[in-house]
Every structure is written in structure tokens, then in C-alpha cells.
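All the letters of the sequence shown, read from the start, carry residue numbers 10 to 409 under my numbering. So the structure is just underneath, and the comments pick up after that.
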Amino acid sequence: MKILVVNAGSSSLKYQLIDMDTEAVVAKGGCERIGIQGSLLKAKGNGKEKVYEQDIPDHKVAIELVLHALQDGEIGVIAHMDEISAVGHRVVASGEYFKHSVLVDDEVLKVLEEKTFELAPLHNPAAATGLRACMQVMPHTPMVLVFDTSFHQTMPPKAYLYGIAYDDYKAYGVRRYGAHGTSHKFVSQEAAKYCGREGDENFKVVTCHLGNGSSISAVKGGKCVDTSMGFTPLAGVLMGTRSGDVDPSAVEFLARKKGMSHAEVITYLNKKCGVAGISGVSSDFRDLTAGAKEGNERCRLALDMFEYQCKKFVGAYAAAMGGVDCIVFTAGVGENTSVVRAGVCEGLEFLGVQLDKEKNEGKNDGSVREISAPASKVKVLVIPTNEELVIARETLALVK
Ligand code: ADP
């Protein structure tokens, strides 16, 4: 059985075709610059890569082109569109409307389009556009929505509520929703498997998804009990260009000082801050570690802040769960940047964390890597994330 995973942005559409018998990716690629001059599809399949440079005015044409590439004589991997059993769509925000992945019907479509757009105004409309395009081109293929936020729906109210008036939470849905849920789910499941603790209600993991956007979750017995991102993905630790947690009063203060509207300050906090704003050099951790090595103090400061803030979440979540059995690092920085992992774990010996320095320096080979010392009470793992596979698995479970 083959499942197509679609991740639609406002001007892009990425896809993977996954064979669920082996969970292998048999083809993948993405359309870029949809509706903009110079649009193209870069597609891989059959061990080859092909670039289709052609006009892609909208998402319907994009998905038609993807289906064409999947059946292309040279790089194609299927003989007919019917070989695609279902399509799983990544959706950024579910609010409280969807607690799990769902099979698309008229009602689901209506809630997606009428209720959730305001929660992720840049992302959810794009996902809906991608969904509608797929429904048009593949009218008989089941469609499934998989949300970045639904893994966090198991958080208890004490973790997801803000200290704002309860009536306003009820009226407007202002609360912590979290993000990167498919990644936190995948790596926490892999960690349980690795540690032989699958199905154990008492297995306590802190998952650190550290990339351009970063979030940290507390996962107990396979369920998320807390997470660092909030109402939007601006909250939590500082990130590539996002500030992370800031006293909301500073928004008003900055608006006055910089002559900006509140919305402009939020854009500034999303795009001009984080490690990029602190270092003045880059949002890319490869540049920051290189800069710090050469003695750039602001690069070192950005790294120090990032490691310190992540460490505080690990400690907080150990307290929230009554201990921690395993810490997982994943995503671009978590998988590749050993100095950050070392910085986060340093000083956590009191929790029973003992890093093996040599193992921590080992290369990312795409497998699960244990980087704690054999005597460490807490296992520290590097687990490459695979959000597309989670989407495919959830899709399969719903269409089976
Ligand atoms: P996104 O949130 O955009 O998905 P990623 O998870 O791809 O981000 O992470 C991007 C970050 O990972 C960048 O800051 C980059 O510097 C860092 N990184 C460090 N080493 C590598 C590497 N070898 N390959 C890719 N990214 C790396």
C-alpha cells in the first residue's frame, strides 16, 4: 500500500510517496514558486532526480504535475494513480477542534476552513488549498489531515492554560497548543522502543526538537504532558530568528520605542530576534558554532542562551513528570550540533545525566544513537526525526 504525504505551503508543495509495507520513501520532491514566475518541480524517484521547469499557476496544477512525475517513464514509481491508497496532509494548527488525525469529509473541511485559519493564518489556508487541489485531482482517494498540534492535546489543563481570565480562554481559545507534534510523537515512540519501554505508563522522556524552530516536550507513558511552544510557535526557547518567551509588556514597550504597531512587533519577534538577533551573525547554528570557535563573543552568547534555556526546560519537565528516564535530541540542530547537546546536558548530572563525550561527537548516520555513558541513569539519545512517516502511519491507520 502506498501513501502520498503532502505538505502544502502558500507557494510550495512538498511530497513523499511512502510504501507502507516497508515504510520506505519511494519518491519525493517539491513544487516551488507556485503562482510565481520561475516555478518548478524537483522530483526524485527510481534513484534519479528530474527538474520540471514549467508554469505552476496554482496548487491543482502542482498536484497534477506531482502525479505526472510519479508516473514519469524515467523517474516514475507507479503505473497508475490508483496505486496511491490515500493522501496524508500536514496541517499546522488544529486548535481544540481536532484532537486526533481525521479522515476528510464535508464537516471536517468546513471546520478546517471556517474555524482554524485564524490560528495559523499563513499555514492552514495553504494546507486547505493543497487539500482541495488533491480532492479535485484524486476525487476517489481518501484524504487524511494530520495536525502538528494534536499530539499535545493530551496535556492537562494545568499545563495548557495561561493565567488569563478563564472566560477569555473559553471565549477565544487562547491557550498553549504547542507545535512539532508529529516529531515529538515519532521520537518519543522510537525512544520507548529503543529503551524496551513501549507501553510503559511510567516511561518519562524529554524530547528536544531543536531546529530553526525549536520546541521541547515532556512525554510520559507515550502521552504529551507539557510542551514549550504556546498559543503560537513563538513561545518557549529562543530559536533561529524567534525570540521565544518574552514578557508581553515588552511588546507594548517596544512598540512605543520603535514606533511599531503591535503586529509589527510580533513580526519582529518572529523574524529578527532569536540567536540571529543576539549574535548579529546568523540564525544558522553552523555559522554560530564556527563564529564561537573563532572567538566571536556574541555567537558564544547566543549558543549559551540557547543551551541554558533548553536545559531549564529539561529540568522543569523532569520536575513535572517526577523524573526523567530519557532525553532525546532531534531535528537539524539536535541531530547535528554536538556542542549544543553537550551544553544542554552539562550540569544535569544531579538528575543522573552522564554524557559520553566521544559518542556525542560521533557522526549523524541517520540511526538512533545513544550518547550517554553506560553508567548514566538517564539515557541520552539522538534520534533523526521523520514527520512524514508519522503522517503516513496516521493516514494508514485511518484508512485501513
Ligand atoms: P526547520 O525548523 O527549518 O525544519 P531544521 O530542523 O532543518 O530546521 O534545522 C536547521 C538548523 O539545523 C540550522 O540552524 C542548521 O544550522 C542546523 N544544522 C546543524 N548542522 C546541520 C547539518 N549537518 N545539516 C543540516 N542542518 C544542520
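Here a beta-carbon is modelled for each residue, glycine too, at the ideal position from N, C-alpha and C. None of these values were measured; they are calculated from a predicted model.
Residues that DSSP places opposite residue i in a beta bridge
i: Lys51; result: Gly39 and Val60
i: Arg99; result: Val155
i: Thr250; result: Per DSSP, none; premise fails for Thr250.
i: Leu112; result: Val153
i: Ile12; result: Ile27 and Ala95
i: Thr339; result: His218
i: Ala17; result: Leu22
i: Val34; result: Ile27
C-beta atoms of residue i and residue j nearer than 8 Å
i: Val183; j: Asp177; result: yes
i: Asp334; j: Lys368; result: no
i: Ser292; j: Gly283; result: yes
i: Thr138; j: Val337; result: no
i: Ser93; j: Ile84; result: Note on residue identity: the sequence assigns Ile, not Ser, to residue 93. The answer is no: Cβ separation not under 8 Å.
i: Val39; j: Asp67; result: One detail in the question is off: residue 39 reads as Gly in this sequence, not Val. The answer is no: Cβ separation not under 8 Å.
i: Leu79; j: Leu26; result: yes
i: Leu128; j: Ala71; result: no
i: Leu312; j: Gly352; result: yes
i: Ser224; j: Gly187; result: yes
i: Ser19; j: Ala135; result: yes
i: Ala234; j: Phe156; result: Per the sequence presented here, residue 234 reads as Val, with Ala not at that position. No, the pair does not count as a contact, with Cβ atoms beyond the cut-off.
i: Met330; j: Lys167; result: no
i: Val349; j: Leu219; result: yes
i: Glu210; j: Ala201; result: no
i: Ser197; j: Gly231; result: yes
i: Leu405; j: Met90; result: no
i: Leu357; j: Lys321; result: no
i: Lys108; j: Gln162; result: yes
Distance between beta carbons of residue j and residue i, contact taken as under 8 Å
i: Val391; j: Ile380; result: 6 Å
i: Asn279; j: Leu243; result: 6 Å
i: Val153; j: Val113; result: 7 Å
i: Glu403; j: Ser110; result: 4 Å
i: Glu344; j: Pro383; result: Contact doesn't hold; Cβ gap of about 22 Å is too wide.
i: Ala401; j: Val14; result: 5 Å
i: Ala102; j: Thr158; result: 6 Å
i: Thr125; j: Phe160; result: Wrong, their Cβ atoms sit about 16 Å apart, outside the cutoff.
i: Met314; j: Ile287; result: 6 Å
i: Arg185; j: Gly268; result: That pair is no contact at about 31 Å.
i: Val146; j: Lys69; result: 6 Å
i: Glu62; j: Leu49; result: 5 Å
i: Val408; j: Ala95; result: 4 Å
i: Asp81; j: Lys59; result: 7 Å
i: Val377; j: Tyr203; result: 5 Å
i: Leu310; j: Glu32; result: Not really, about 42 Å apart at Cβ, beyond 8 Å.
i: Gly289; j: Arg307; result: 6 Å
i: Glu370; j: Phe195; result: With a Cβ gap of about 25 Å, Glu370 and Phe195 do not count as contacting.
Where the alpha helix (DSSP H) through residue i begins and ends
i: Asp177; result: Tyr175 to Tyr181
i: Tyr326; result: Glu306 to Met330
i: Pro66; result: Premise fails: Pro66 is in no alpha helix (DSSP H) and is neither H nor E.
i: Arg402; result: Glu396 to Val408
i: Tyr169; result: Pro166 to Tyr169
Residue range of the unbroken beta strand (DSSP E) whose run includes residue i
i: Tyr24; result: Leu22 to Asp28
i: Thr138; result: Premise fails: Thr138 lies in the alpha helix (DSSP H), Asn133 to Val146, not in any beta strand (DSSP E).
is_contact[residue i, chain D] using C-beta, thresh 8 Å
i: Met238; result: Note that chain D does not occur in the displayed structure, where there is just one protein chain.
heavy atom of the ligand ZN below 7 Å from residue i C-beta
i: Gly220; result: Questions concerning the ligand ZN fall outside what the structure shown contains, since the ligands it does hold are the ligand ADP.
In chain order, which continuous runs of the beta strand (DSSP E) of length 3 or greater are located wholly inside the segment 203-256?
213-219, 223-229 and 232-236
Can you list the beta strand (DSSP E) stretches of 3 or more residues lying completely in the segment 348-394, in chain order?
388-391
Where are the beta strand (DSSP E) runs, 3 residues long or more, that stay fully inside the segment 257-297, in chain order?
none
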